[in-house]
Amino acid sequence: MEKRITLPLTEELAQSLRAGDSILLTGTIYTSRDAGHKRMCEALARGEELPFDPKDATIYYVGPTPAKPGQVIGSAGPTTSGRMDAYAPTMMSVGARGMIGKGARLPEVVEAMKQYSGVYFGAIGGAGALLAKCIKKCELIAYEDLGAEALRKLYVEDMPLVVIIDSQGNNLYETGRAEYLAQTNA
Amino acid sequence: MREIHVSVITDMVERLCIEANTHLPQDVKCAIEGCRAREDGVIAKGVLDNIIENYRIADRENVPICQDTGMACVFLEIGQDVHFVGGDLREAVDEGVRRGYTNGFLRKSVVADPVRRGNTGDNTPAMLYTEIVPGEKVSVTVGPKGFGSENMSAIRMFKPSAGLQGIKDFILETVEAAGPNPCPPMVVGVGIGGTFDKAALLAKKALMRPLGSSHPDPFYADLEKEMLEKVNALGIGPQGFGGKTTAIGLNIETLPTHIAGMPCAININCHVTRHKTEVL
């Protein structure tokens, strides 16, 4: 069964989610990937504010294709999250607790998720045309010079996600595969 | 001698960049749908259903299947009796990429310098491979290559004593290390033999070969089948959530090599394995 959840990702909501939960997510999220994260973390190091309020925020690791005329946004599937591992604990330390991406995370990211009640959601990698359908609004808010990597504010409705790593550190990549192999070898 | 104006190549490359990025090849669709029919886990089936729905939307609406519209890998097989006129061939190919990625609303994902970065703004240059072949035809293949999967690729210079077992272990080790990162179900391209650089090119070419086709040598055709089964027995599954479908295909390409070596390259691709060819 899919769980419908609405952002912001409060501590209480985050703690209620478990690895393996199928989610339909509604609310405001922010896009950022390699270059945007680098810039945000440099801004924080200088003691500057981020271009958005990070409290209970969710960041989608995505660099969309340009919108065709009449489209809100182009194709917009997740990029590999591991490249943001260097920045994710810093982002969580200022309140950004939700992450949407795909692929494995480092142990230090999982530790930060336990500390700050973070949640790592998976969107289907390579399903950019499908995921774009859930994005109802898109507004460029910073770093326009980065093109596809610029920071955007999105409003999404019923975005299909799976909780990959929850705030207790449970990891679907480990449990899902182990369960499949246990069934196969039974 | 057949004269071909380079502007014809520009037009073809432009069109192929757009088509390859919006319409998944039939062989890849067939492989995905075959795997969906065999899969029985709830999450695995759901992921494959979404992947199928995704390429149907892309087909219907002429939008990119994936937002990573890749680096444009362009393979030209040029008949030796062809004479290109009207300009520089490489520039003609790059102009095709420039127009395709701009007019097709594709993402520009290329940086001008590997260390200092800086987006080129038009997805050029193409990764261009030219080969001279007999005759007076020109075959143009565009294979946009995403980097989520490219980053999980590997090459190793084996000692000949490592033998077949060394190659089998390396394939499984590379897929295992890739895990959920390259958007499984993946396609595995394996290049064995040649030199360091040729092995890598063979692996890339293996990804351009239709899924469901076999290496002409039965020894390697059997190895393709065996290794696809073994890769799928790893249980990584669609998106890494566990299941039967870790890879939808595994193609091997080979070349003679040196008495002292056995190079082996593995190029990983995702389920959005794109390639389109036209012959002029």
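Note that the protein sequences, when read in sequence, are chains V and A. The working numbering numbers the first residue of the first sequence as 57 and each following residue consecutively. The working numbering numbers the first residue of the second sequence as 279 and each following residue consecutively. Think of the CB as a built atom: it goes at the ideal place given N, C-alpha and C, for glycine as much as any other residue.
Per DSSP, what kind of secondary structure is residue i in: helix, strand or coil?
i	result
T300(A)	helix
D214(V)	strand
G396(A)	coil
C542(A)	strand
Y117(V)	coil
Y199(V)	coil
A204(V)	helix
I61(V)	strand
F353(A)	strand
C194(V)	strand
R161(V)	coil
H93(V)	helix
V388(A)	coil
T84(V)	strand
E104(V)	coil
M155(V)	strand
Y379(A)	helix
I221(V)	strand
P496(A)	helix
K209(V)	strand
I79(V)	strand
I329(A)	helix
E369(A)	helix
If residue i sits next to residue j, beta carbons under 8 Å apart, how far is it from one beta carbon to the other, in whole angstroms?
i	j	result
I221(V)	V166(V)	6 Å
V389(A)	I282(A)	Not confirmed; about 32 Å, so no contact.
A543(A)	A478(A)	4 Å
P460(A)	M430(A)	5 Å
Q517(A)	P422(A)	In fact, because the Cβ distance is near 21 Å, the residues do not count as touching under 8 Å.
G467(A)	L442(A)	Not quite, the Cβ-Cβ distance comes to about 18 Å (not below 8 Å), so this is no contact.
K554(A)	E297(A)	5 Å
L63(V)	M215(V)	Contact flag wrong, Cβ pair sits at about 10 Å.
Along chain A, which residues have their Cβ under 9 Å away from the Cβ of residue i?
i	result
K158(V)	G426, P458, N459, C461, Q517 and G518
P216(V)	G324 and N328
T87(V)	Those within 9 Å of T87(V) in chain A number zero; the least Cβ separation is about 11 Å.
Check the Cβ of residue i against every Cβ in chain V and list those closer than 7 Å, keeping chain order.
i	result
L384(A)	T121
E331(A)	L186
I514(A)	R233
T347(A)	T121
A336(A)	A185
C344(A)	S131, G133, G182 and G184
Cβ closer than 9 Å: which chain V residues qualify as neighbours of residue i?
i	result
C308(A)	The premise fails here: C308(A) is roughly 17 Å from chain V at the closest Cβ pair, so nothing lies under 9 Å.
P422(A)	Within 9 Å Cβ-Cβ: nothing; P422(A) doesn't reach chain V, min ~12 Å.
V341(A)	T121, K124, Q127, G130, S131, G184, A185 and A188
Just to confirm my understanding: we take residue i, look at its own chain, exclude 5 residues before and 5 after, and list those with CB closer than 8 Å. What are they?
i	result
Q345(A)	R385
L106(V)	M96, A99, L100 and V150
R316(A)	K522 and T523
H361(A)	M279, R280, E281 and I282
L489(A)	D305, V306, C308, A309, V465, I526, G527, N529 and T551
T398(A)	K386, V388, V389 and A390
Just the chain A side, please: which residues come within less than 7 Å of residue i by C-beta, in chain order?
i	result
G203(V)	K386 and N397
Which same chain residues end up closer than 7 Å to residue i when comparing Cβ atoms and leaving out the 5 residues on each side of it in sequence?
i	result
R368(A)	L406
R161(V)	S137, G138, D141, Y176 and I221
D337(A)	H301
E454(A)	L512
C548(A)	G424, G426, S427, P460, C461 and M464
K483(A)	E531
Within its chain, find whatever has a CB closer than 6 Å to the CB of residue i; leave out the 5 residues flanking it on each side and keep chain order.
i	result
K192(V)	Y211 and E213
M540(A)	F436 and P438
R89(V)	Y117, G119, T135 and E205
G154(V)	L65, T114 and V175
G444(A)	F436
Verify the contact flag: residue i, CB atom, against every heavy atom of the ligand ADP, threshold strictly below 8 Å.
i	result
A538(A)	This structure simply doesn't include the ligand ADP, nor any ligand for that matter.
Run down chain A in chain order and give the residues with a C-beta less than 8 Å from the C-beta of residue i.
i	result
Y116(V)	Those within 8 Å of Y116(V) in chain A number zero; the least Cβ separation is about 11 Å.
Inset, instruction - Closer than 7 Å, Cβ to Cβ, to anything on chain V: give me those residues from the region 540-554 of chain A, in chain order. - result: C548, H549 and V550
Legend entry - Chain-ordered residues of the region 169-180 of chain V with a beta carbon less than 8 Å from chain A: G178 and I180
Inset, instruction - Below 7 Å between beta carbons is the criterion; list the residues of the region 126-152 of chain V that meet it against any residue of chain A, in chain order. - result: Of all residues in the region 126-152 of chain V, the ones placed with a Cβ closer than 7 Å to any Cβ belonging to chain A are G130, S131, A132, G133, T135, T136 and G138, in chain order.
Inset, instruction - Could you run through the region 466-477 of chain A and flag, in chain order, every residue whose CB is less than 7 Å away from some CB of chain V? - result: none
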